[in-house]
Amino acid sequence: MEFITTIQLQQAGGKDYEILNNEMEKASFRLKKATGNDGKTSIKGSQYKSREGSSIKEVTDAVYRAVKKTGLAYSFSIVGHKER
3 MEFITTIQLQ
13 QAGGKDYEIL
23 NNEMEKASFR
33 LKKATGNDGK
43 TSIKGSQYKS
53 REGSSIKEVT
63 DAVYRAVKKT
73 GLAYSFSIVG
83 HKER
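Under the working numbering, residues 3 to 86 are what the sequence shown spells out, in order.
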């Protein structure tokens, strides 16, 4: 199963999300580009897709390691995603 996780960093700037994106990429996650209402790409509240066969524990551990590198408070959610 794949998982999609959404991570929001509190009081973050673009540099903080760059760190987060790099760390999640190192953990084999793919960034899902989010678009705001204005049609522009947004990185606030970044979404990532795990690799096939990941466990929810692996996803949670990867999120924790990545956000720890930013030093900021955060919130995240994880949703299971099964392609048909």
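Glycine included, each C-beta is placed from N, C-alpha and C at the ideal position.
Ile9 and Phe78: beta carbons closer than 8 angstroms?
yes
Can the beta-carbon of Ile6 be found closer than 8 angstroms to that of Lys51?
yes
Nearest by alpha-carbon distance to Glu4: which of Ser56, Tyr19, Gln13 and Thr72 is it?
Ser56
Leaving aside the five residues before and after Ser30 along the sequence, list all residues of the same chain whose C-beta is less than 6 angstroms from its C-beta, in chain order.
Arg53
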